[in-house]
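**Student:**
Residue numbers (UniProt numbering), protein chains in the order written: chain B, 1 to 716; chain F, 1 to 716.
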C-alpha cells in the first residue's frame, strides 16, 4: 500500500522501439498512437534520477540521427537545471511545511498541561492548513491493560468467551473511546464523538484498527480501487463527503505504545498523498505521540494532588479537636444544648473563663512561670486565657467555641515527643504574652499584631518531629525536599496556615481581608524567625534599634521610632520569638535543670538516629556518650547565643531584666557543674600523669638511664 | 548588530561611472583598479532580488554597446536560473536543518520529565551537529522574584544599598546560577559551571546579561571589531579557544519570562552567523523556552508528591496507636519493661489473652452477637481475640505488640460518625470470623486466606465519611476524582494497604513475599466486594456454585470443587463480604431495630448535606421528611437485596441458616410497622375521600346539580 515512485531510465536511445524487449506498448494501446522511435535521457541530481526526457518519432526521418543526439544531449543539461530547480523548490516547500507543523504543534503542546484529547485537538487544529487535506479524524485508544478482577471472573470460569478481537502490539484490546473528526472543506466542522459505535464511518473500514494493530503507516492512494478495506461507497455522512484517498498513521508514545490513530482524507489538490505527505504527517504524529508525556504527567499531577488533598483532609480530621474534647473545656453541657455555635457569645465567654485556671493558680504574667506542675489540658485552658487577657477575643469577635477548638487542635498538632511537644509550644506562647504584657513591649504593637504574635508563638513548633533541620536534610525527608531552608519552620508555618484555612478552627475568621493578610504576614515573620540559623542575621539590626532608643528620654519618642516603622517592628518581633523560644534557659534553676535535660534527651535521640539510620557520628551535643559535657555546652550556648538576646532585651526594656537575671543565675549553676566535671577530668588526668611519671622514674631507676629521660616509649 | 543583506540594483547601465553620483570608488581605492564603465543587472526571484551581475570596463571600446547590453540581458536569464537554484538549495538546507533540530529537540524533551538544566543539556547536545558552530554556552537564570523578608530588612532599613544592577523585563535581578559550556572543536568537552563568577569568560563580555535584560537576539559578526562589548583579546580558557563571532539568544518560556540565554560561538566555516543561523537557533531556543513547561511541571509534580508524603506521614502519626494506647490493652507495665518488642512472644500472647474478654462474656462465634453492650475498647480486644481463635497469630508469627497496635490503629482509622464507625467495622470482621468458623466456610480456605479475610473485613470501611459513593461523585470530592468507580471502597483498600506498608503495625510482616502478595490480592477482592454496585455482577456466579455443590453428597467433593478453583473461592469470599456488610439486618430484632435507625440517620445526614451543600432534593431513603417510610423501605431492601444473600448462604451451608432466620424475623417486624403506617395513611386517605364526597354531596344539594356529580372543582 506504500506509495512508490519508480523511474525508468534508459541511457542509450533505442533505435527500434517495437523490437526492444524493454518497450511497453501500454500507452500506444491506450492512445492509439504508434511509437516508432524514442530518444531518451535521464535528468540526474548527482546520483539520483529526477526524471526522463523523451523525444518520440523523428520527423522527417526513420530514426534520430547522431546530430539529433548531440543536440538532445546539450538540451538535457539545461533541462536538468530546470528540473532540479523544480525539485529543490518542491522539497524546500516540504521541509518548510514540516518545520512549520512542528513549530506550531510545539506552540500548542506547551501552552498548557492538559489531557490527550484536548492536546491533540488543539495541535491538529493549529496545523490544519499545512496538512493540505479535506478532512482528518483522530481515534484515541483505551490504554487500559488489565481488567478488574470481577470482570475477569466470568471469563476465567468459562461462562464468557475470552476476547479474541484485535490487540495492539503491547497486548491491549483495541477500543477507540473517542474520535475527533475535523471536516476542513467548505464550512469547517469539528465533531468529538465519545465512545463511537464500531460502524462509525471513521472506523467501519477497519483501517484505524489495522493501523492500531500493526503500527504501520497506511497510504491508500485510490480507495475505490482498493479491495483490502471495504469503504462505504456512498457519502460517509450527511455532509456528502466521499473518501477518495486516505493516509493513516499510528500515534506512538515514548513507551512505544500506540495511543491513537490519525487519519487524513483526500489531499486538497485531488492527487493521492505522496511520500512527502507521509514525511510531514509522520513528523506530526511522532511529535504528538511523544508529547503524550505531557498528558500522562497532567494525569499524574492531578492524581498526586488529589491524593495530597485526601491525606490533608485526613490530617485535619484526625487532629481537629472533637466535639467531646471541646466540651471537656467549654463544659457547656448543662447550660447549653448540643450546638454551642448558636449560643450568645458573651455567655459563652463567661462560661469559658469560669473553666480556665485562675490567675492565683497559675500566673501567666510571670517570666518565671513553669508549666511543669500544670496538666496538659490545663495548659490548653491557660492558652485560651492569654487571648482573653490580651483583650482580643471580644475585639476580634472570636467565637468561644472556635477559640477552644483552635487551641485544642494546636495542642493535638504537637507530637508527644521528648522536648518539642505541646509543653514547649505553650511555653513559647506564654512567654510572648509575658513579653508583651509584663515586658511592656506591647506599646509598639496594635491589638491585631499582639493577637497574631501570641497565636504564632503557640503554633511555632507544631508537628515538630524531635529532629532538627540538618537531620531533615541528611535523611532527605520530604520536608527537606520541599523546603530549601528553614525546613521545619516552614512546615510549622504551613500547619498554622492550614488551621486558618479550616473555618471551624479559624480564630481569625471575623477579620477583614487586609487584617487577615497582616496576620498571615506576621505568622511568616514570627515562625520563620524561630530558625536559629537566621538569628545572626538579625542580631546587629536589633542591637541598632536598642542603641537608638536607649538615649531617648521620652517614651513617646521611642514608641514612634519603632511603631512608625514596620521593619523595626518586625525585627523586634523576630527577636522576641527567639527570646521566647530560648526562654527555658531563663527559668528558675529547678525548672531549667529539668528542661535542659529534656532538650538534651531529644538531641541524644537524634544522635542515636544519626548513628543507626544515617550511619554517622553525631556532633558532641547530640552524642549521649558525651552527656557529661552538658554543663560545659550549656555555658557555651549561654555565652554565644542566649546572653545577647536577654541582655539586649533588658537594656531595651528594664521590665525584661528578670529573664536576664534568670539566665545569669543558671549560668552560675552550669558553670559550677562544669567545674566539678572539669575537676574530675583534671584529677583523672593528673593521676594519669603521676602514674606516668612514676613509671618513668621506675624505668629510669631500673635502666639506670640518662638524667631521668627514658628512651623507651610507655604505652598504656 | 543584526546581519543585513543589502542589494543595490541598477537597471540602466551607467555610461560615465565616475561622474555618476551613485558610484562609490571604495573598491577602486582598495584595489588600485580603475573602474571606467559598468554594465549591471539584477538577478530576481519574482520580486525579490537574488544578486547583481556586473560587467566592468568594456574591452576594445569606451563603453558597452547596445549589442553588449542585448547579450548581457540574454545571459542574465540563464544566470538567474543558476542563482535561483543555488538559493533554493541553500534555503532547503536551512529548512531541513530547522526541522531536524526541532524533531531531535522534541525527541529529547519528551524522553523524560526532568529539570531545566538536564533538559537543555540533553536537547542541545542532541542537535549540536546541526548548529555548525565551534562552541556554545547556556546560562540559566535565577527565577526568584521576591526575596525573603529577612533579607529585605537591611535594604528597607537603609543599611544596605538596594540592587541597582540589570533586571529582566519581568523585574528579576539578573543572576546566572549555572552555565552549561560545550566545546565542539577537536576533543569535545562539556562543562557545567554552578554559580559561575561574574568574570567567567562566558559572562564577562556582558552579552548574556544584555540579552537577558532586553530579550534581543544578538548577532556579533566580528567580535574583534565590535566596540560595544569588550571581549577578552586572548584565548578565553586553557583550551586556547578564541571567540571570532557570536550569536546570542534569549530562552523565553510561555509566560514570557527569560529563563536563560543560549550563546553560539564561531560558525564552523569561519564566516559570521547569518540570517538563516538566526532562524534555526531561534526555532531551537523558542522550542526550548516553551518546553520549560515540562521542567516547571516536573518541579510541581515533585512538590505535590512531597506534600502528599508529608501529609501521609502525618496521618499515620496521628492515627497510629500510641504506646500508651497499646499499653492500655497489653497491660504489660508490671511484667515487662518499656520495650515489649524484645519480650518473649509466647509470654506476651498469654498476657494479651488474659486481657481480652472471655468467651463467656461475649461469644464471638454467635451470628446473633451484638456489639451494643460492649465498649469500643473491648471491641478492639475482641477483634484481637478473633485472630487468636483463628490460630493465625502464632502460625504467622504476628508479634502481640504489632497485632495490638494494628487493631487499635484500625479502630482509630474509623471516624466517629453515625453508622460507618468502628462498631460497624468490628461487626463485619466478627461476622466474617463467624461465617468461617460457625458457618464452616473455612474448609475451603487456607489459614492465610482466613487471616487475610478477617483482617480485610475489619478494615473494609476504614475512614468512611458517612456519605456514599454517589455523594462523593456529586460533590466532586478528591476521592471521586481519584477513583473512577467503587470510590470509597478503593479508599478503604488504600488505607488497609498503608497499614501493611507501616512496619510497626504490619500484622503480615513475617510472611514471605508470595504470601504477602496473596494477602494483598485478597484485600483487593474483599474490600472492593463491599461495593453494593458490584453485588449484582456476582449474584448469578455465586448461585451457580451453590447449585453445583448442593447435590454433592460427599463433603470432600464440594471442598475440592471450591478450593481447587481460585475463582470460585474468590466469588464466595466476595459474597461473604456482602453477607458480613449487611449482617445487621439478620440480628435479633432489638439490635436490628436500633442499628437500622443508625443507618437511616446517616442517610438522612447525607440527605441534609445534599439539600444544603449540593442544593439537591435527596432520594426518599435519604430524606428525613420521609422517615415514616423506613419500615416499608426496609422490606424492599430485604426483598431485593438481602434475602438472596442469606437464602443462598443457608442453602450452601445449613450452619448459616440462623442468619436467614434472623432476616425473616426482622422482615415480619418491619412489615408490621409498614402495615401500621400504611393503615394510618389509608385512614387519612379514606377520611379525605369521605370529606370530599360529603362536600360534593353538599354542593350537589345546594346547586341542585345533576345526579350528585359536581361541575365545580374542589380545592383543598
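In this text, a Cβ means the ideal position worked out from N, Cα and C, and glycines have one as well.
#1: For residue 307 of chain B, would you say it is in contact with chain F, using Cβ-to-Cβ distances shorter than 9 Å as the test?
#2: Could one say the Cβ of residue 290 of chain B lies closer than 9 Å to chain F's Cβ atoms, at least one of them?
#3: Does the stretch 432–452 of chain B come within contact of the stretch 359–376 of chain B, defined as at least 3 CB pairs closer than 8 Å?
#4: Starting from the beta carbon of residue 524 of chain F, find every residue of chain B whose beta carbon is closer than 7 Å, and list them in chain order.
#5: Run through chain B and tell me which residues come within less than 8 Å of residue 417 of chain F, C-beta to C-beta.
#6: Which value, in whole angstroms, describes the spacing of the CA atoms of residue 584 of chain B and residue 494 of chain B?
#7: Would you please verify whether the beta carbon of residue 329 of chain F is less than 9 Å from any beta carbon of chain B?
#8: Below 8 Å CB to CB, which residues in the same chain sit around residue 290 of chain F once its five sequence neighbours on both sides are set aside?
#9: So what does DSSP say about residue 475 of chain B, is it helix, strand or coil?
#10: Going along chain B, which residues have a C-beta under 7 Å from residue 463 of chain F?
#11: Per the contact definition of three or more C-beta pairs closer than 8 Å, is the stretch 144–163 of chain B in contact with the stretch 533–540 of chain F?
#12: Skipping 5 residues on each side, what residues in its chain have a beta carbon closer than 7 Å to that of residue 631 of chain F?
#13: Is DSSP giving residue 413 of chain F helix, strand or coil here?
#14: Name the chain B residues whose beta carbon is nearer than 9 Å to that of residue 542 of chain F?
#15: Can you find a CB in chain F that lies within less than 9 Å of the CB of residue 154 of chain B?
#16: Residue 587 of chain F and residue 595 of chain F: beta carbons closer than 9 Å?
#17: Between the beta-carbon of residue 649 of chain F and the beta-carbon of residue 435 of chain F, is there less than 9 Å?
#18: Verify the CB distance criterion: does residue 118 of chain F have a CB-CB separation below 9 Å to chain B?
#19: From the DSSP output, in three-state form, read off residue 419 of chain B for me.
#20: Short of 9 Å Cβ to Cβ, which residues in the stretch 166–178 of chain B face chain F?
#21: Compute the distance between the beta-carbons of residue 103 of chain F and residue 286 of chain B, then report whether it is under 9 Å.
#22: Taking its Cβ as the centre, do 16 or more other Cβ atoms sit within 10 Å of residue 553 of chain B, making it buried, or is it exposed?
#23: To which residues of the same chain is residue 665 of chain F closer than 7 Å at the C-beta, ignoring the five residues directly before and after it?
#24: Look at the Cβ atom of residue 241 of chain F, then the Cβ atom of residue 301 of chain F, and state whether they are nearer than 9 Å.
#25: Is residue 318 of chain F close to chain B, meaning its C-beta is less than 9 Å from at least one C-beta of that chain?
#26: When you compare only the Cα positions, how much space is there between residue 140 of chain F and residue 204 of chain F?
#27: Along chain F, which residues have their Cβ under 7 Å away from the Cβ of residue 88 of chain B?
#28: Considering only the alpha carbon of each residue, which of F/21, F/77, F/597, F/667 lies closest to residue 52 of chain F?
#29: Would a C-beta distance cut-off of 9 Å place residue 216 of chain F and residue 245 of chain F closer than the cut-off?
#30: Can you give me the start and stop residues for the beta strand (DSSP E) that residue 514 of chain F sits inside?
#31: Would residue 300 of chain B pass as an interface residue toward chain F - the criterion being a Cβ-Cβ separation below 9 Å?
#32: Residue 126 of chain F to residue 258 of chain F, Cα distance in whole Å?
#33: Strictly under 9 Å for the Cβ-Cβ distance: is residue 81 of chain B near chain F by that measure?
#34: I need the DSSP call for residue 184 of chain B, collapsed to helix, strand or coil.
#35: Residues of chain F with CB closer than 7 Å to the CB of residue 478 of chain B, please, in chain order.
#36: Are the C-beta atoms of residue 420 of chain B and some chain F residue less than 9 Å apart?
**Tutor:** In short, the structure shows the following:
#1: yes
#2: yes
#3: yes
#4: 149
#5: Against chain B, a Cβ distance below 8 Å from residue 417 of chain F picks out nothing, because the smallest value is about 10 Å.
#6: 25 Å
#7: no
#8: 253, 254
#9: coil
#10: 314
#11: Yes, the stretch 533–540 of chain F is in contact with the stretch 144–163 of chain B.
#12: 670, 673, 674, 677
#13: Residue 413 of chain F falls in the helix class under three-state DSSP.
#14: None at all; the shortest Cβ gap to chain B is about 10 Å.
#15: yes
#16: yes
#17: yes
#18: no
#19: coil
#20: none
#21: yes
#22: It is exposed - the Cβ of residue 553 of chain B has fewer than 16 other Cβ atoms within 10 Å.
#23: 589
#24: no
#25: yes
#26: 15 Å
#27: The answer, in chain order, is 85, 88, 89, 92.
#28: F/77
#29: no
#30: Looking at the DSSP string, residue 514 of chain F is not in any beta strand (DSSP E); the run it does join, the alpha helix (DSSP H), is 513–529.
#31: With a threshold of 9 Å between beta carbons, residue 300 of chain B makes contact with chain F.
#32: 23 Å
#33: Residue contact with chain F for residue 81 of chain B: present (Cβ-Cβ distance below 9 Å to some residue of chain F).
#34: coil
#35: 306, 309, 310
#36: No - not a single Cβ of chain F is within 9 Å of the one on residue 420 of chain B.
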